[in-house]
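Going line by line, the protein sequences match chains G and A.
Each number in our numbering corresponds to the 1-based position in the first sequence with 2 added.
Each number in our numbering corresponds to the 1-based position in the second sequence with 5 added.
Data block below; observations after.
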Amino acid sequence: KNEVEQSPQNLTAQEGEFITINCSYSVGISALHWLQQHPGGGIVSLFMLSSGKKKHGRLIATINIQEKHSSLHITASHPRDSAVYICAVCRYGGSQGNLIFGKGTKLSVKP
Amino acid sequence: ETGVTQSPTHLIKTRGQQVTLRCSSQSGHNTVSWYQQALGQGPQFIFQYYREEENGRGNFPPRFSGLQFPNYSSELNVNALELDDSALYLCATLTRGRSTDTQYFGPGTRLTVL
């Protein structure tokens, strides 16, 4: 069983829909990252969380440390949001750069 | 724009050959991590360098080695290439010690081993 699990694996939405991507992990962590990867490979860091909730534009990320679960929400989705969204955790006591990644959620937003 | 660049963008090698991939980051990013991402999978941690020394390693054999230079650039070397080494190789940099810091990823080098 992977230490970081994401759901769903694939998600298709209509423009304007509210989207939720989930991440569950099984190890103690010091931080959790949400990343966005576009076709071709480039990864952009969206959020780094250790507790609570963060918001940036139409993106909201929440984390529940007790339940070992995080969610990424996209409000008013747009075709340009189409990408792979990856959850990654930094194991507690590990170095900041040693991340454990989920397999990603492929999001496709149709106009 | 993350300020992290990687070269080359694409590379084709044959089994048994050796390859060197390069990563350059912004000044001040004293920590670099390398990841391997196979098709359809999440990235896997290879190793991390801090102040020019290896500072953590994932489950990769010794034929994967690295260097970090005083100008914050970094190399990933892979010897005796195998078909399964075909992947996207990503580097990510950060400034160690800042609790609010995040990692900045490069665009990746896509390696194909034939």
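Positions of the beta carbon are idealized from the N, C-alpha and C atoms, including for glycine.
If you're wondering where the values come from, they're calculated on a predicted model, not measured in any experiment.
**Prompt:** Hey, does L109(G) have any beta-carbon neighbour from chain A nearer than 8 Å?
**Reply:** For this step, residue 109(G) is matched to residue 107 along the first sequence. No, L109(G) lies away from the interface with chain A (no Cβ there is under 8 Å from its Cβ).
**Asked** Would you say V74(A) faces chain G, with C-beta separation under 8 Å as the test?
**Response** Taking the first residue of the second sequence as position 1, residue 74(A) is located at position 69. One point to set straight first is that residue 74(A) is Phe, not Val, in the sequence displayed. No, F74(A) lies away from the interface with chain G (no Cβ there is under 8 Å from its Cβ).
**Message:** List, in chain order, every chain A residue whose beta-carbon is nearer than 8 Å to that of G43(G).
**Reply:** Mapped onto the first sequence, residue 43(G) falls at position 41. In chain order: Q42, L93, L95, P112, G113 and R115.
**Asked** Is any beta-carbon of chain G found at less than 8 Å from that of S38(A)?
**Response** For the purposes of this step, residue 38(A) is taken as residue 33 along the second sequence, with counting starting at 1. By this cut-off, S38(A) is an interface position.
**Asked** Can the beta-carbon of I23(G) be found less than 8 Å from the beta-carbon of V91(G)?
**Response** Reading the first sequence from its first residue, position 21 is the one you call residue 23(G). Reading the first sequence from its first residue, position 89 is the one you call residue 91(G). No.
**Simplified DSSP assignment, three categories, for L74(G)** = On the first sequence, position 72 is the one that residue 74(G) refers to. Strand.
**Request:** Starting from the C-beta of N82(A), find all residues in its chain whose C-beta is less than 6 Å away, skip the five residues before and the five after it, and write them out in chain order.
**Result:** Mapped onto the second sequence, residue 82(A) falls at position 77. Same-chain partners within the cutoff: T25 and S70.
**Item:** Given E5(G) as reference, the closest of P113(G), K105(G), L74(G) and L109(G) once Cα atoms are compared
**Value:** For the purposes of this step, residue 5(G) is taken as the residue at position 3 of the first sequence. When only C-alpha atoms are compared, the closest one is K105(G).
**Prompt:** Between the stretch 74-95 of chain G and chain A, which residues of the former have a C-beta closer than 7 Å to a C-beta of the latter?
**Reply:** I88
**Message:** Would the stretch 36-43 of chain G count as touching the stretch 106-117 of chain A if we require 3 or more Cβ pairs under 8 Å?
**Reply:** yes
**Asked** Cβ atoms of A15(G) and S73(G): under 8 Å apart, would you say?
**Response** Residue numbering aside, residue 73(G) sits at position 71 when the first sequence is read from its first letter. Residue numbering aside, residue 15(G) sits at position 13 when the first sequence is read from its first letter. For S73(G) and A15(G), no; Cβs fall outside 8 Å.
**Prompt:** Which full runs of the beta strand (DSSP E) of 3+ residues lie inside the stretch 78-105 of chain G, going along the chain?
**Reply:** 85-93 and 101-103
**Asked** Which first and last residues belong to the beta strand (DSSP E) in which N24(G) is found?
**Response** Numbered from its first residue, the first sequence carries residue 24(G) at position 22. Residues I21 to Y27.
**Request:** Entirely within the stretch 24-72 of chain A and at least 3 residues each: give me those beta strand (DSSP E) ranges in chain order.
**Result:** 24-29, 36-42, 49-55 and 58-62
**Request:** For chain G, find out if any of its Cβ atoms is closer than 8 Å to the Cβ of F50(A); answer yes or no.
**Result:** The residue given as residue 50(A) occupies position 45 in the second sequence. Yes - at least one Cβ of chain G is within 8 Å of the one on F50(A).
**Prompt:** So what does L136(G) bridge to, in DSSP terms?
**Reply:** Nothing about residue 136(G) can be read from this structure; chain G reaches only from 3 to 113.
**Asked** With L95(A) and R20(A) assumed to form a contact (beta carbons below 8 Å), what rounded beta-carbon distance in angstroms separates them?
**Response** As a working note, residue 95(A) is residue 90 in the second sequence. As a working note, residue 20(A) is residue 15 in the second sequence. About 23 Å separates the two Cβ atoms, so there is no contact after all.
**Message:** Classify L34(G): buried if its beta carbon has 16 or more other beta carbons within 10 angstroms, exposed otherwise.
**Reply:** Residue 34(G) sits at position 32 when you count from the first residue of the first sequence. It counts as buried.
**Prompt:** Where does P48(A) land, buried or exposed, given buried means 16+ other C-beta within 10 angstroms?
**Reply:** Residue numbering aside, residue 48(A) sits at position 43 when the second sequence is read from its first letter. Classification for P48(A): buried.
**Request:** Go through its chain and collect everything with a Cβ distance to S28(G)'s Cβ below 6 Å, but skip five positions before and after it.
**Result:** Sequence index remark: in the first sequence, residue 28(G) carries index 26 (1-based). Once the five neighbours on either side are set aside, the close Cβ partners of S28(G) are E5.
**Request:** Give a yes or no on whether the minimum CB-CB distance between G61(A) and chain G is below 8 Å.
**Result:** Residue numbering aside, residue 61(A) sits at position 56 when the second sequence is read from its first letter. It does; some Cβ of chain G falls within 8 Å.
**Prompt:** Just curious, the beta strand (DSSP E) that N12(G) is in, first and last residue?
**Reply:** Within the first sequence, numbered from 1, the residue matching residue 12(G) stands at position 10. Note, N12(G): beta strand (DSSP E), N12 to Q16.
**Message:** Looking only at its chain, what residues have a beta carbon closer than 7 Å to the beta carbon of A92(A), apart from the 5 residues adjacent to it on each side?
**Reply:** Reading the second sequence from its first residue, position 87 is the one you call residue 92(A). Result list for A92(A): Q41, Q42, A43 and L116, in chain order.
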